[in-house]
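**Q** Could you have a look at this structure, given as structure tokens, before my questions?
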Amino acid sequence: MWFTRVSLKNPVLATMLMLALVVLGIFSYQRLQVDQFPNIDFPVVVVITEYPGASPEIVESEVTKKVEEGVNSIAGINALTSRSYEGQSVVIIEFQLYVDGRKAADDVREKVAAVRPLFRDEVKDPRVLRFDPASRPVWSVAVLPDGQEDKQPSAVELTNWADQVLKKRLENVRGVGSVTLVGGTKREINIYLNPQAMEAFGVSASQVVEAVRNENQALPVGAVRSLEQERVVQVDARMERPEDFGKIILMRRGGAPIRIDQVATVRDGAQELESLALYNGQRTLLLSVQKAQDENTIAVVDGLAKAIADIRPQLPPGVKLEPIADAARPIRVAVNNVRETLIEGALLTVLIVFLFLNSWRSTVITGLTLPIALIGTFWFMAMFGFTINMVTLMALSLCVGLLIDDAIVVRENIVRHVQMGKAPYSAALDGTQEIGLAVLATTLSIVAVFLPIGFMEGIIGKFFHEFGITIVAAVLISMFVSFTLDPMLSSIWHDPAIDTHGKRGPPVTFYDKTIGRVTGWFDRATDRLAEAYQAILRWSLVHKLATLAAALGIFAASVVMVPLLGTEFVPKADFSETAINFYTPVGSSLEVTEAKARQVEGVLREMPEVRYTLSTINTGDAQGKIYASIYVRLVERKLRERSVDQMSGVLREKLRAIPGITVTHVGLRDSVGGNKVIEFSLQGPDLQELERLTQRVMEAIRPIPGLVDLDSSQKPNKPTVSVVMRRDAASDLGLGVAPVANALRTLVAGTTVGNWRAPDDQTYDVNVRLAPEVRNSPADLARLPFVSTAMGANADGSSRIVRLQQVADVREATGPNQINRRALAREVSINANVANRSAGEVSADIRTALAGIAFPPGYGWQFSGSTKNMQESFGYAVSALALAIIFIYMILASQFKSFLQPLALMTALPLTLIGVVLALLMFRSTLSMFSIIGIVMLMGLVTKNAILLVDFAIRSRESGVAPDGTPVPGLPRAEALLLAARVRLRPILMTTLAMIFGMVPLAFAISEGSEQRAPMGQAVIGGVITSSLLTLVVVPVVYCYMDDLANWARRRWHRQQAVTRTADTVEPPPKIEGLS
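The sequence shown begins at 0 in numbering that gives the first Met the number 0 and counts up by one.
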């Protein structure tokens, strides 16, 4: 290697290059952002449209379908789904991963703007949002009374302060996207209409609405100008006090004014409560914060914490703030744990190197590769725009053993040349050159494995892109250091304790008498192992068929054992948090759901592992007053005996004892999407047929073992009130559908008719609505008065009044809670969790059950969520594995100048399977994306040992020339293999044990949240152990067969060439004229 020669001749240059890598790495590290996952652009756009008071069916027909039809023509759409709730439409447009998310959002905004004129006036403007996988609240704080009875503010005062002061302060924090107030009781001026008084005075709701709108205004009317000045003129007719609204004159009758306070009651009150939050069973205000797109979670949370610290001295009397959920904590815990794993693995790796090399100088020379390669990798991460996250740090922790491998092999070979009697300079140069091509081949094999990982397709490819590129950069840096710094230090910093015969002197120093005894014992144990290996290999070379048959049997056994492993997409991580979701019977009020939430919280607080609970109703994903979600913060993992999964099983049993609730989720959610583990849907045109099919499917899959928390979007119909107009009667009385519906909207849902500016300079809504006590039943609605336009006036000049029951039938009915759609057709989504079985096993049983159900034409089912992602990602991983194997073969063929010999080396690949299966079974892990990436990683690792072994054997078989000029014949094949086994066993053991011990902290999952990444380390350790043991025996045997095959092919080719040359030398017979 030319750069080895340059570094040996110019040690200062080599030193400066290493320092440059370290300085650039440290400089880059300080500027890298920290996050949980790589910053990935998921091109998903959400359109949210509010239609107050509308049923799901009306929302679907009036809003959802129009939005779907408008955006469906956009190119690049992968999936189009929607949810129609009471008063809200949510349309989700998922684009292909290659589509730019910002452009997709702009295209959707353009299409939505085109369909906006088709909406009714009551529909609010749609909101177009870009989806962010981290769009769940990153932080939340509870606003609570501090418990001092004499200073406790009212709920309205607390909400006003939180909304006007705290919320605005949090919104000003850099990176905050939105702040949502949950459980607030906002101040509102309520004008409660009295139906009896309205009927007596002949006043309609629309007249009250128009009167308030017209009288409560401040209008500019121009300006008056003179030569000296100009003054603005405005009419200021705003109400100064809430009670002034009651003095507004609606009309005059017989000369007497009829005022609002004669037909309504004006109250300085609050908006009706639509959502609730409970902190440890106590009602609270909750402010949930979402970060803006592409902002760093830790930076946002740190800014929020600083804002809270600044505002605490300014808190009103009787108020305290309690931070609840912190999305930055799992990130910090995970990143810190991976950092600790990285350091622990590095220390264990260096310890293994020290035990083998038995020299602190050699350990330092070899170990310097680790910090230089790791720190230098941060420079490349900064250049590629990566962040410090779980994926990149996991990549660095996994490749700790890889990074020192090249340095171990190079240093061990240099030491061997020193022991042959060479000078340090010559030993460094010759040793590096001798092993250089083998090291290059092993490193390129690693690169060949991880480059396909870095460029996989699908969601998993997006997540593991930084993983693959980070490892490639790290191993290339480590190879460069091994070819420059290690030889240079070996040439100028020789260990005098090692003599030319490879023996250490007698124990003289304190080190020799203490640590030296341990390393000496390790040396003797290694020598004994080498002798045993020689005997095993000698037997195997004699009994090749038996050895090959045993290897095939082991591989077959591993294939048979694979089904014993369960499958899942991504393992869940225990960060001392969990969640519970449930719903109460359809039609339940907010107060009923609150009472049930308190019961569930009571059950939770009986468990010693629970620190605190936070319940929210009708917020976030739980749309509807019957839905509740409880966030549970647990004590640290090291302080509790049970994991979240173990607690979940106990909780499900306890929650069954609470009547009136249906539990839909207990425990951890899917680590990637934050949803349930099992998700699939039924599609078809007719909602009633879908409901029937849903019942059959739920009955069929409910008995499946391991299936828990089963739920569907199809719920029992919600009680509703249907107003059916009698058109003839309404027409005779001068009433139409639209006037009646608009008046009913005001009376029942309420109409905001403006605002009132309070003395504190804050504005509050003014709402016109029926009083709560007269809108509780269908009978109340039937008695509502309407002004007739076809019956003339009464004797006193008042309008004729018609009650609703005279022109319409008011009936009790039922309607759907929500309507789901996919690909412009209706669907019912079904979801569940798994317990004591893997997601793959449960999904397979569900497929079997669904296959046994006859679906009518036009109806079908499909999986989504984690199950779909698992299938797609496993396929992408298999493609990456196949590509890696092809690249490895091409590299090995180029290295050994043979088409056959690489096949012998690649027999090490299938021998990893038995170790992977046994390791995952022992740790009770599943076959997930992390363990599969570990298997792909093994493809590059296990060929390293085979390369070192076969490369030396081939070199030993080649004839050479001694330093004195005499020819040196090559060794026979068997002797060359035995010599390679004796010489290369030590570096093979060193690299193997360095890899194993470097991953031990990762594999044992001893830190919080490490369950997610542990299967990768477990798979690698198991595969490395079995492959290393079997490779040392099987590869030499297969090498012999491949060599025999090559010799046979060569001899046959030579015979054919000889025949061809003989035929060419025979003269052709003379040509006879006249014959053709």
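Ideal placement from N, C-alpha and C gives every residue a C-beta, glycine not left out.
Since we're looking at a predicted model, the values are computed, not measured.
For the structure I just gave you, are there three or more beta carbon pairs, one from the region 1026-1045 and one from the region 900-914, closer than 8 Å?
**A** yes
**Q** Which of helix, strand or coil does DSSP assign to GLY864?
**A** helix
**Q** Assuming ASP34 and ASN295 form a contact by the criterion Cβ under 8 Å, report the distance between their Cβ atoms to the nearest whole angstrom.
**A** 6 Å
**Q** Within the same chain, show all residues whose beta-carbon is closer than 6 Å to that of PRO125, passing over the 5 residues directly before and after it, in chain order.
**A** The beta carbon of PRO125 lies closer than 6 Å to those of VAL46, THR48 and VAL111 in the same chain, with the five residues before and after it left out.
**Q** According to DSSP, which residues form a beta bridge with ALA627?
**A** PHE581 and ILE616
**Q** Counting only the same chain and skipping the five closest in sequence on each side, list residues whose C-beta sits under 6 Å from that of ASP235.
**A** ALA217
**Q** Report all residues from its chain with a CB closer than 8 Å to the CB of SER1075; omit the five preceding and five following residues, and keep chain order.
**A** Low confidence applies here, because SER1075 scores a pLDDT of 36, under 50, leaving its location unreliable; read the following figure in that light. Here the set comprises nothing.
**Q** Rounding to the nearest angstrom, what Cα-Cα distance links LEU769 and LEU823 in this structure?
**A** Cα-Cα distance, rounded: 39 Å.
**Q** MET989 and PHE355 look like a contact to me (Cβ under 8 Å); what is the Cβ gap, rounded to whole Å?
**A** MET989 to PHE355, Cβ: 5 Å. Contact.
**Q** Which residue comes first and which comes last in the beta strand (DSSP E) that contains TRP492?
**A** Element bounds for TRP492: n/a, residue is neither H nor E.
**Q** What number of angstroms, rounded off, separates the C-alpha of THR3 from the C-alpha of GLY375?
**A** Each residue's alpha carbon lies about 19 Å from the other.
**Q** Compare the C-alpha of SER444 against each of ARG923, MET889 and PRO1000 and name the closest.
**A** MET889
**Q** Give the C-beta separation of ARG108 and VAL127 to the nearest angstrom, bearing in mind that I take them to be a contact with Cβ-Cβ under 8 Å.
**A** 5 Å
**Q** Spatial neighbours of TYR875 within its chain, please: CB distance less than 7 Å, with the 5 preceding and 5 following residues excluded, ordered by chain position.
**A** Correct list, in chain order: MET455, GLU456, GLY457, ILE459 and GLY460.
**Q** What three-state label does DSSP hand GLU187 in the structure shown?
**A** strand
**Q** Just to confirm, is the Cβ distance from VAL137 to LYS290 under 7 Å?
**A** yes
**Q** Taking DSSP as the reference, what is the three-state secondary structure of LEU31?
**A** coil
**Q** On the DSSP letters alone, give me the boundaries of the alpha helix (DSSP H) that ALA945 sits inside.
**A** 928-956 is the span of the alpha helix (DSSP H), which, as asked, contains ALA945.
**Q** Quick check: VAL480 and VAL438, are their CB atoms within less than 7 Å of each other?
**A** no
**Q** Consult DSSP for GLU826 and reduce its assignment to one of helix, strand or coil.
**A** strand
**Q** Return the Cβ separation of ASP106 and ILE73 in integer angstroms, given the expectation that the two are a contact with Cβ distance under 8 Å.
**A** Cβ-Cβ separation between ASP106 and ILE73: approximately 5 Å, consistent with a contact (criterion under 8 Å).
**Q** Who are the near neighbours of ILE248 in its chain, counting only those whose CB is closer than 6 Å to its CB and skipping five residues on each side?
**A** Cβ neighbours of ILE248 beyond the five flanking positions: PRO256 and ARG258.
**Q** For ASP1076, I'd like the list of residues in its chain whose CB is within less than 8 Å of its CB, leaving aside the five on either flank, ordered along the chain.
**A** Because the chain here runs from 0 to 1075, residue 1076 falls outside it and cannot be looked at.
**Q** Report yes or no: do three or more beta-carbon pairs, one from the region 235-245 and one from the region 754-769, lie closer than 8 Å?
**A** yes
**Q** Can you find the residues in the same chain that come closer than 7 Å, C-beta to C-beta, to PRO1077, ignoring five residues on each side of it along the sequence?
**A** This structure leaves residue 1077 out entirely; the chain is present only between 0 and 1075.
**Q** Find the nearest neighbour of GLU93 within the set ALA740, PHE554 and SER81, judged by alpha-carbon distance.
**A** Of the listed residues, the one whose Cα sits closest to GLU93 is SER81.
**Q** Suppose you measure from the CA of PHE679 to the CA of ALA843; what does that come to, to the nearest Å?
**A** 13 Å
**Q** For GLY368, tell me which candidate among THR340, GLY384, MET380 and CYS398 has the shortest Cα-Cα distance.
**A** In the sequence under discussion, the amino acid at residue 368 is Thr, which differs from the Gly named in the question. Closest by alpha carbon: CYS398.
**Q** Would you check if the distance between the CB atom of THR788 and the CB atom of GLY749 is smaller than 7 Å?
**A** no
**Q** State the Cα-Cα distance for the pair VAL960 and GLY969, rounded to the nearest angstrom.
**A** Low confidence applies to VAL960: its pLDDT is 45, below 50, so where it sits in the model is not reliable enough to give any reading.
**Q** Using DSSP with H/G/I as helix, E/B as strand and the rest coil, what is GLY964?
**A** Confidence is the limiting factor: at GLY964 the pLDDT is only 46, short of 50, which leaves the residue's position unreliable and the question unanswerable from this model.
**Q** What is the C-beta distance between GLU85 and SER54, in whole angstroms, given that I count them as a contact (C-beta under 8 Å)?
**A** Confirmed, about 6 Å.
**Q** Is the beta carbon of VAL827 closer than 7 Å to that of GLN1011?
**A** no
**Q** Can the beta-carbon of LEU919 be found closer than 7 Å to that of GLN1017?
**A** Yes, these two residues count as a Cβ contact at 7 Å.
**Q** Going by DSSP in three states, MET606 sits in which element: helix, strand or coil?
**A** coil
**Q** Indicate the three-state DSSP secondary structure (helix, strand or coil) for HIS500 in the structure shown.
**A** Summary for HIS500: the model assigns pLDDT 40, below 50, so the residue's position carries little reliability; its value from the coordinates is reported in the next sentence. DSSP places HIS500 in coil when its eight states are reduced to three.
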